[in-house]
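Comments concern the structure below.
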Amino acid sequence: MVTAIQPATGSMPVTPMTQPRSPGSWCACGASLRRDFVLAWRRRGELFLPLLYAVIVTALFPFALGPDPQLLGRIAGGVLLVIVVLAMLPALESMFRADLEDGTLEQWLLAPQSLALLALTRVIAHWLTTVLPLIIVMPLLGALLNLPVKVLPVLLAALLLATPLLALLGAVLSALAAGARRSGILLALMLLPLAVPVVIFAAGAVSAAQSGAPYLAPLSWLAAALVLAIVLAPLACAAALRIAVES
Amino acid sequence: MSRSYLPHWIHWLGSPPNFHRFAGNLRPWLMAAALVCAVIGLYGGLVLAPPDRYQGDAYRIIFIHVPSAWMSLFVYACMAIAGLVALVWRVKLAEVIAMECAPIGAAFTLITLFTGSLWGRPMWGTWWTWGARLTSELVLFFLYLGVIGLYNAIEDRRRGARAASLLALVGIVNLPIVHYSVVWWNTLHQGSTVNLFGHSSIAPSMLWPLLVMALATHLYFFASILGRARTGLLALESGKQWVRKLVSGQPPSPTEART
């Protein structure tokens, strides 16, 4: 950062500038979270769109594959995982777009609080408002596809670990694509390579649970990746936001 | 100003007009060397080398396939390094080079996938299997497409180049993770029924054409990147004095010199 100008220590007495104290990081993050929740609540109709999408796609599978409960039960875990990943995509696109257009991002850059921290609160708010409802309706969707009951807790655990991870990775990409013209399919293209390991481990846990094998190892891998992403992804996201705003 | 630890010629080469001239002089030589190497390597590989004991003549596709596979990774590494330089030091030339690497690398990756598929049909009886190497190569192809797509989707060229460079760096962290997770996934689901590189040693009569072909692809890449970077620089600097001078072939008029 810029080195502060040293106050002149001479005959002239230095009058301390009466600056308002900048609020702490917690305070700023709380305010940011509150704002995101209020905005989400004002447009609460949009929150149902990913849910609707997931229900529609889930309902299409039995029509395409036939209503055989055995077959549906075998593929339900993987299908639901893919549906959740796809349902997350449209919302990811708009994560930073409105803030870039109305100048909020520039205020973030100017704020004394860490940009990475503010980006992390945005991801948390995004996950709570758009992804958590998807996980809540998972038992219902699982029932539609005849998912075995013993697999459901593992699927939920895998989703609770995998979706924040995807949201963090998606935030980096969304920040990168914030300045792009049409980023819908581009975001999907960029997310695919990053989503491959996440989907592999989440589906690995689900299929292990389905066949009665121990499923803790893939879940642990997911948890480790999530911890790593919580630390690193906001930093990458902040760098991407700087690129989007600067020049 | 901080002291520079780099030799003087790097600063000299980083200036767009100097690079343009230097690359223009070097490129034909590299291209000619690449052509000579490719002719020698292909002759050695397709004519001189004996047919394989098990695979017959079908194995000869490795003289295209393997150098392309090496290049698909090498070009990605070049792109990531140039992207890092572009992000950290904001060198305009590095931005151009990083972005011009992407289409070349994507082409090499596509050649690798295509030739591998051609080879897989008679050898494995299938065009595609979800083996670790194949899947990683496919993911690499998508990474290249993502970089190209992001660069082209952002209006401002330089901002697009920096954003895509960051994506390339994210990708280089991601690539080993993808590779090892796919290996893990494959071993979990099923044992590999086909062994891609079963033979551990390769006969010298087959090795030397392979190495010559690898040299040819490297030379071709360098020649190609120099040419692409030249045109990229011209497009980026199209309003500048030196480009006008170069294009018109005349000394600038006094009014232009003032602005």
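Heads up: the protein sequence lines correspond to chains A and B, in order.
If you're matching positions, the first sequence starts at 1 in this note's numbering and goes up one per residue.
If you're matching positions, the second sequence starts at 248 in this note's numbering and goes up one per residue.
Backbone N, C-alpha and C define an ideal beta-carbon position, used for all residues, glycine too.
Only a predicted model underlies this, so the values are computations on that prediction, with no experimental measurement involved.
Neighbourhood of residue i by C-beta distance below 6 angstroms, restricted to the same chain and skipping five residues each side
i: Ile358 (chain B); result: Ser315
i: Val394 (chain B); result: Ala349, Ala411, Leu414 and Ala415
i: Ala116 (chain A); result: Pro234, Leu235 and Ala238
i: Thr382 (chain B); result: Val429
i: Ala345 (chain B); result: Met326, Ala329, Gly330, Ala333 and Ser412
i: Met278 (chain B); result: Ala470
CA-to-CA distance, residue j to residue i, given in whole angstroms
i: Gly184 (chain A); j: Glu93 (chain A); result: 6 angstroms
i: Val137 (chain A); j: Ala177 (chain A); result: 30 angstroms
i: Arg74 (chain A); j: Pro423 (chain B); result: 30 angstroms
i: Leu51 (chain A); j: Pro133 (chain A); result: 7 angstroms
i: Ala233 (chain A); j: Arg491 (chain B); result: 43 angstroms
i: Thr130 (chain A); j: Leu47 (chain A); result: 6 angstroms
i: Asn399 (chain B); j: Leu152 (chain A); result: 42 angstroms
i: Leu241 (chain A); j: Val123 (chain A); result: 13 angstroms
i: Glu347 (chain B); j: Ala171 (chain A); result: 26 angstroms
i: Leu320 (chain B); j: Thr356 (chain B); result: 8 angstroms
i: Leu156 (chain A); j: His126 (chain A); result: 19 angstroms
i: Phe468 (chain B); j: Val198 (chain A); result: 34 angstroms
i: Met370 (chain B); j: Ile308 (chain B); result: 12 angstroms
i: Ile472 (chain B); j: Arg268 (chain B); result: 14 angstroms
i: His446 (chain B); j: Trp377 (chain B); result: Model confidence at His446 (chain B) stands at a pLDDT of 49, short of 50, so the residue's coordinates are unreliable and nothing is read from them.
i: Arg409 (chain B); j: Glu402 (chain B); result: 12 angstroms
i: Arg337 (chain B); j: Val245 (chain A); result: 16 angstroms
i: Lys150 (chain A); j: Arg34 (chain A); result: 37 angstroms
i: Tyr53 (chain A); j: Asn421 (chain B); result: 29 angstroms
i: Leu253 (chain B); j: Ser262 (chain B); result: 14 angstroms
i: Leu219 (chain A); j: Val154 (chain A); result: 9 angstroms
i: Ile200 (chain A); j: Tyr215 (chain A); result: 13 angstroms
i: Trp432 (chain B); j: Val425 (chain B); result: 10 angstroms
i: Gly406 (chain B); j: Ile56 (chain A); result: The identity of residue 406 (chain B) in the sequence shown is Arg, whereas the question assumes Gly. If I take the Cα positions, the gap works out to 38 angstroms.
i: Cys29 (chain A); j: Trp259 (chain B); result: 47 angstroms
i: Phe61 (chain A); j: Ala158 (chain A); result: 22 angstroms
Residues near residue i in its chain [Cβ-Cβ closer than 8 angstroms; skip 5 each side]
i: Ser114 (chain A); result: Ser25 and Ala238
i: Ala354 (chain B); result: none
i: His255 (chain B); result: none
i: Met190 (chain A); result: Leu173, Leu176 and Ala177
i: Trp375 (chain B); result: Ser364, Gly367 and Leu381
i: Ile311 (chain B); result: Ile358, Thr362 and Met460
i: Tyr343 (chain B); result: Note that residue 343 (chain B) is Val in the sequence shown here, rather than Tyr. Hits under 8 angstroms: Ala408, Ala476, Gly479, Leu480 and Leu483.
Own chain residues within Cβ distance below 7 angstroms of residue i, not counting five before or after
i: Ser500 (chain B); result: Since pLDDT at Ser500 (chain B) reaches only 48, below the 50 mark, its modelled position is unreliable, and the value read off the structure follows with that caveat. Closer than 7 angstroms at Cβ, skipping near neighbours: no residue.
i: Ile287 (chain B); result: Val459
i: Ser22 (chain A); result: Pro112
i: Arg404 (chain B); result: Leu483
i: Met248 (chain B); result: The predicted position of Met248 (chain B) is uncertain, since its pLDDT is 47 and thus under 50; no value can be drawn from it.
i: Met453 (chain B); result: Ala296
i: Pro148 (chain A); result: Gly73 and Gln210
i: Gly291 (chain B); result: Trp455, Pro456 and Val459
i: Ile83 (chain A); result: Ala54, Val57 and Thr58
i: Pro139 (chain A); result: Leu152
Short Cβ contact (8 angstroms threshold) for residue i with residue j
i: Leu81 (chain A); j: Val196 (chain A); result: no
i: Leu89 (chain A); j: Leu169 (chain A); result: no
i: Val322 (chain B); j: Gly352 (chain B); result: yes
i: Leu65 (chain A); j: Gly179 (chain A); result: no
i: Leu193 (chain A); j: Gly363 (chain B); result: Before going on, a small fix: residue 193 (chain A) reads as Pro here, not Leu. No, the pair does not count as a contact, with Cβ atoms beyond the cut-off.
i: Gly78 (chain A); j: Ala203 (chain A); result: yes
i: Ser211 (chain A); j: Met95 (chain A); result: no
i: Phe266 (chain B); j: Leu481 (chain B); result: no
i: Leu457 (chain B); j: Val294 (chain B); result: no
i: Pro76 (chain A); j: Gly142 (chain A); result: Contrary to the premise, residue 76 (chain A) reads as Ala rather than Pro in this sequence. A contact, by the Cβ cut-off of 8 angstroms.
i: Leu385 (chain B); j: Leu360 (chain B); result: yes
i: Leu128 (chain A); j: Ser32 (chain A); result: no
i: Val38 (chain A); j: Leu166 (chain A); result: no
i: Gly396 (chain B); j: Arg274 (chain B); result: no
Heavy atom of the ligand FAD within 7 angstroms of residue i beta-carbon
i: Pro62 (chain A); result: By its list of ligands, the structure shown contains no ligand whatsoever, and the ligand FAD lies outside what it can speak to.
Short-range partners of chain B found in the segment 47 to 77 of chain A, where Cβ spacing is below 8 angstroms: none
Touch test, the segment 375 to 391 of chain B against the segment 159 to 172 of chain A, Cβ-Cβ under 8 angstroms, three pairs minimum: no
Members of the segment 18 to 32 of chain A that neighbour chain B once the beta carbon cut-off is set at 7 angstroms: none
Residues in the segment 176 to 190 of chain A having any Cβ partner in chain B nearer than 8 angstroms: Leu176, Ala177, Gly179, Ala180, Arg181, Arg182, Ser183, Leu186, Leu189 and Met190
The segment 138 to 161 of chain A: positions lying closer than 9 angstroms to chain B by Cβ: Hits within the stretch: zero.
Stretch-stretch touch, CB-based, cutoff 8 angstroms, three pairs: the segment 281 to 297 of chain B with the segment 461 to 468 of chain B: yes
Chain A contacts from the segment 380 to 395 of chain B (Cβ-Cβ distance under 7 angstroms): Val386, Phe389, Leu390, Leu392 and Gly393
Segment contact flag, the segment 292 to 312 of chain B with the segment 480 to 487 of chain B, C-beta cutoff 8 angstroms, min 3 pairs: no
Short-range partners of chain A found in the segment 405 to 416 of chain B, where Cβ spacing is below 7 angstroms: Arg405, Arg406, Arg409, Ala410, Leu413 and Leu414
Against chain A: residues of the segment 302 to 321 of chain B by CB proximity under 9 angstroms: Taking 9 angstroms as the Cβ-Cβ cut-off against chain A, none of the residues of the segment 302 to 321 of chain B qualify.
Against chain A: residues of the segment 453 to 476 of chain B by CB proximity under 9 angstroms: none
Interface positions of the segment 191 to 215 of chain A facing chain B (Cβ-Cβ less than 7 angstroms), listed along the chain: Leu192, Pro193, Leu194, Val196, Pro197, Ile200, Phe201 and Gly204
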